[in-house]
Amino acid sequence: MRREKKFSTTNRHELTRMVLRATSLNELTDTLAFGNSRGEKVAVFDLSALNRVVEHTPEDMTVTAEAGLTLDDLQTQLAKRGQWLPIDPPNPKDTTISEILNANLSGPRRFGCGIIRDHLIGLKVVLADGRVIKSGGKVVKNVAGYDLQKLFVGSRGSLGVIVEATFKLRPLPETERFVLAHCESLERAGELIESVLDSEVAPLVLDLHHLSTLNPSASADCGATAPKQSEDGQLSTVLGFAGTREEVDWQLAKACELGFSEPANLDYEKSFWVESSSAHRLSVLPSRTIETIRGLGHVSFVARAGNGVIYYRGGTPPPKAAFPVNLLRRVKDAYDPKHTLPDLPT
Amino acid sequence: MESQLKANIPPALVDELRAIVGDDGILADPAELRVYECDAYTLERSLPNVVVLPQTTEQVAAVVKLCAQHNIPIIPRGAGTSLSGAVLAVTGGVMIALTRMNKILAVDYRNRRALVEAGCVNAWITNAVKSRGLLYAPDPSSQPACTIGGNVGTNSGGPHTLKYGVTTDHILGFEMVLPDGEIVWLGSTPDGGEEVDGYDLRGVVIGSEGMFGIVTRVLVRLIRAPQAYKTMLGVFESVDGASQAVSDIIGAGIVPAALEMMDQLITQAVEAAYHFGFPLDAGAVLIVELDGLATGLNRQAERVIAICKNNRAREVRVAKTDQERADLWKCRKRAFGAIGRLSPNFLTQDGVVPRSKLPEIMRFIRACSEKYGLRIPNVFHAGDGNIHPLILYDERDPDQIRRALEAGHDILNKCVELGGSVTGEHGIGVEKIDFMEKQFTKEDLDAMRALRRVFDPENRCNPHKMFPGSKRCSDFAPKKQIAA
């Protein structure tokens, strides 16, 4: 195949930007090197052909996977050996390892499990000019050289193309249960959250949500239909527990004493994201979650109350954060001096 | 390229530094500087020209700016407990010691975070918050002395990182003086959220071995202290049995808070020094600590005991009191200190292997011990696959020095061959520079150098570390002693 043919224009982007499809790592490096030498800008990467589990060593509790693999496919393979990658972003069937890393995606279990960088131990990246670099490795503790892989998590593909990642894994919990408490007001929700944090329970999930279908502006910037859900308009606090049966039962009993008596699931999370994969995101000091939500007015939201992270639709977009602009620009220039890869959105 | 010459600092510049940090904040007399000629890696030594002991971020920035104007190397230093020569002033320069910036500035109990100065000692944080049921998780053995700034520099670990992760997992953000004197805050701010847009510059500075600037204030994450512990001591006939038990525990999906091994030689030395009651005739002992909710622990402990017994453990003791648990950990963390009973000198490595390769690397270390005729006791973070062979030698015998170095090299090469790393905690520093090319390709190293230039275009901050081709101390001064 001649190199030129690997570039194809797409009407979704301006003509100078290319969609890059790769059927192999070699093809990807060749194409990037060629495109970079001509200053071709690349907008979208299609890594769906790079979808293998490279190495899963259950006794080491590590896995190496190609970046085009979907999370669902990875978890299915890991589950056969009683393990999982503790990350739960929306739509795991359609979400690849590459997307999780590039966008730093997470889900409701982040309160107990952390975010993707906490599990990442090795990364293989193709730089803008086609050079392949590796950072970290396949051992769980490693301080040889700089921790370069951190740079690529959340970099939105602006520094290189992630092609392979190695993660440390966790055993699948023996059991996992969710309970909720409906709250008549944000004040009540705030009290409940404080009582959970002051108690001895160690939830995996500590979410607060209010999915509203009554807000016309919610769909204005997303152009999607309203979520289908039975508990329309209810403000609810959700707890999730995982571990051995004894641990989970003990915590469920404690949670019940605090007012979490209704069995629940994570359907609210699915409902929220089914509407659109994009939403505004606010990250505040966890103790300011309630007052921040109050300030948003009438919006549809899911909040990781334990983390102070709020996803919402409708209302006004969050304010722009302050960046160490000079340093960020220097990083971009160091790895992609011709700026052929997408810029980091600011 | 980094300057290859010993820095030359004119007296007028010393006066300017003195004006910034005050009379009692500067050391320039060679006798006073002697303390700063090396860290806990004593194979190489070199005096800085000047040591400054600033008390504020502004003083640090002023010192750094002045050094930038005069193109003088700067070397950040905490407590000097590095085991890889990370804070060695290879070509002299101005050493910036953060030990006087050691305050805990604020504790936010509700949001489980604390703001501390970089010179704050690791253990002080947990001591300050434990009455409220919180702790700072990374617990390197040097925690009664080492500083948070140093922990950030080396991305320190410790026994409990098996379950809780290393330093980078517990640092939310920090204030840093860049090598040009600019003050920046990277990562989450004390009253800000967890999510920070843009590149994770926080993440790349952690573990950069002080080469990107001077960290001055650190926002650390606190975690809730576990409700209960179950701390067990497995007594094994052989290292093989203990190694296999480690592999089996991990493979069974049990995540202990800590999983540490001590072989017979080190157990005997530790027992002689601290009188805990370790068996002297066991091939190896395993410290297995489970933590979490009290209700789940017993059944997990039973599984651990069964796995140990399956691997020919003679007995598994369970700590009955908090005091017994504390004593056991004290012995483990002070194990290096007991080596003096075995040998005048030792060389330690901290390579890492995939956990399933533990039995193999332990057999290899034993073979090395026989091949080079040197005793090599082992005390290490078995659950992480992070070995700490202590190669014993006598510095008065040059041939022993040579054999010790060769044995160390063989072991690290084997770690790389088994798919591991040459360092899990201690860092590259000056000690392991030669191994970088074994573990990384030219492209990998170039990408690291590119990142360094982002922060320090002049390669002036903690120069001559990590990268092959760096100037070595031995080019300036004869070797005096090989290790602590």
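Line by line, the protein sequences are chains R and X.
Everything in the first sequence is counted per my numbering, starting at 429 for the first residue and increasing by one.
Everything in the second sequence is counted per my numbering, starting at 549 for the first residue and increasing by one.
C-beta: ideal position from N, C-alpha, C; glycine also.
From a predicted model like this one, the values you see are computed outputs, not experimental measurements.
Within-8 Å CB hit, residue i to chain R
i: X/Met780; result: no
i: X/Gln691; result: no
i: X/Met549; result: With a pLDDT of 46 at X/Met549, under the threshold of 50, the modelled position of this residue cannot be trusted; read the value that follows with caution. Judged by the 8 Å Cβ criterion, X/Met549 is not in contact with chain R.
i: X/Ala817; result: no
i: X/Thr629; result: no
i: X/Gln775; result: yes
i: X/Asp932; result: yes
i: X/Leu938; result: no
i: X/Asp745; result: yes
i: X/Thr896; result: no
i: X/Thr605; result: no
i: X/Leu636; result: no
7 Å Cβ cut-off: residues of chain R touching residue i
i: X/Val900; result: Val567, Lys569 and Asn570
i: X/Thr716; result: Asp575
i: X/Ser904; result: Thr485, Glu487 and Asp488
i: X/Phe988; result: Gly573
i: X/Asn703; result: Val571 and Asp575
i: X/Thr709; result: Lys569
Rounded distance between the beta-carbons of residue j and residue i, thought under 8 Å
i: R/Val666; j: R/Phe606; result: 6 Å
i: R/Thr594; j: R/Gly564; result: 7 Å
i: X/Lys905; j: X/Leu838; result: About 24 Å separates the two Cβ atoms, so there is no contact after all.
i: R/Gly736; j: R/Leu713; result: 6 Å
i: R/Ile590; j: R/Ala495; result: 5 Å
i: X/Ile835; j: X/Ala806; result: 7 Å
i: X/Gly931; j: X/Val794; result: 6 Å
i: X/Thr815; j: X/Phe826; result: 5 Å
i: X/Ser736; j: X/Val744; result: 6 Å
i: X/Ala676; j: X/Pro738; result: The Cβ separation is near 16 Å, so there is no contact.
i: X/Thr674; j: X/Asn699; result: 13 Å between Cβ atoms; not a contact.
Pair within 8 Å by beta-carbon distance, residue i and residue j
i: R/Lys569; j: R/Thr492; result: no
i: R/Leu600; j: R/Gln679; result: no
i: X/Pro602; j: X/Ile644; result: yes
i: X/Gln848; j: X/Ala830; result: no
i: R/Ile427; j: R/Leu634; result: Chain R is shown from 429 up to 774; residue 427 of chain R falls before or after that span and cannot be answered.
i: X/Phe1015; j: X/Pro727; result: no
i: R/Val581; j: R/Leu529; result: yes
i: X/Thr647; j: X/Pro621; result: no
i: X/Val608; j: X/Thr709; result: no
Residue-level contact to chain X via CB, residue i, 8 Å cutoff
i: R/Phe595; result: no
i: R/Thr672; result: yes
i: R/Val712; result: yes
i: R/Val481; result: no
i: R/Glu455; result: no
i: R/Ser815; result: Limits of chain R in this structure are 429 at one end and 774 at the other, which puts residue 815 of chain R out of reach.
i: R/Ala531; result: no
Partner residues on chain X for residue i, Cβ-Cβ distance less than 9 Å
i: R/Arg559; result: Glu991, Asp994 and Ala995
i: R/Cys599; result: A small fix is needed here, since residue 599 of chain R is Pro in this sequence, not Cys. By Cβ distance, chain X contributes Ala800, Gly801, Ile802 and Val803.
i: R/Ala493; result: Chain X residues near R/Ala493: none, gap ~16 Å exceeds 9 Å.
i: R/Leu715; result: According to the sequence shown, residue 715 of chain R is Ser rather than Leu. Asp656, Arg658 and Asn659, listed in chain order.
Contact with chain C by residue i, beta-carbon distance below 8 Å
i: R/Tyr696; result: In the structure shown, chain C cannot be found, because the protein chains are R and X.
Under 8 Å from the C-beta of residue i: neighbouring residues of chain R
i: X/Thr971; result: Asn570, Val571 and Ala572
i: X/Arg847; result: Thr672 and Glu674
Listed by chain order, chain X residues near residue i by CB distance under 7 Å
i: R/Lys578; result: Asp748, Gly751 and Val752
i: R/Pro459; result: Here residue 459 of chain R turns out to be Thr, not Pro, going by the sequence shown. Ordered by position in chain X, no residue passes the 7 Å Cβ test against R/Thr459, which lies about 18 Å from the chain.
i: R/Val727; result: None at all; the shortest Cβ gap to chain X is about 17 Å.
i: R/Leu506; result: Within 7 Å Cβ-Cβ: nothing; R/Leu506 doesn't reach chain X, min ~12 Å.
Neighbour list for residue i in chain R, Cβ cutoff strictly below 9 Å
i: X/Gly844; result: Gly671, Thr672, Arg673, Glu674, Glu675, Val676 and Trp678
i: X/Ser1018; result: Here the premise fails: no neighbours, minimum Cβ distance about 13 Å.
Where residue i meets chain X, residues with beta-carbon distance less than 8 Å
i: R/Lys766; result: Simply none; closest approach about 14 Å.
i: R/Lys552; result: By Cβ distance, chain X contributes nothing, its closest Cβ being about 10 Å from R/Lys552, past 8 Å.
i: R/Gly661; result: Within chain X, no residue comes near R/Gly661; the closest Cβ sits about 27 Å away, beyond 8 Å.
i: R/Asp546; result: Gly713 and Asp717
> Between the segment 731-760 of chain R and chain X, which residues of the former have CB atoms less than 7 Å from a CB of the latter, in chain order?
Replying inline: Cβ contacts with chain X: Asn735, Gly736, Val737, Ala749, Phe751, Pro752, Leu755, Leu756, Arg758 and Val759.
> Going along the segment 783-809 of chain X in order, which residues come within less than 9 Å of chain R, judged by CB to CB distance?
Replying inline: Of all residues in the segment 783-809 of chain X, Ser795, Asp796, Ile798, Gly799, Ala800, Gly801, Ile802 and Val803 have a Cβ within less than 9 Å of some Cβ in chain R.
> What are the residues of the segment 656-687 of chain X that lie near chain R, defined by any Cβ-Cβ distance shorter than 7 Å?
Replying inline: Under the 7 Å Cβ criterion, the segment 656-687 of chain X contributes Arg658 and Asn659.
>> Please identify, using Cβ separations under 7 Å, the residues of the segment 728-741 of chain X that lie next to chain R, in order along the chain.
In response: So the close ones are Val732, Leu734, Asp739, Gly740 and Gly741.
> Which residues, in chain order, does the segment 555-574 of chain X contribute to contact with chain R at a C-beta distance below 7 Å?
Replying inline: From the segment 555-574 of chain X, no residue has a Cβ closer than 7 Å to chain R.
> In chain order, what residues of the segment 825-840 of chain X put their CB closer than 8 Å to some CB of chain R?
Replying inline: Per Cβ criterion, the list reads Gly840.
>> Which residues of the segment 618-640 of chain R have a Cβ closer than 9 Å to any Cβ of chain X? Give them in chain order.
In response: Those residues of the segment 618-640 of chain R placed with their C-beta closer than 9 Å to a C-beta in chain X are Glu622, Leu625, Glu628, Val629 and Ala630, ordered along the chain.
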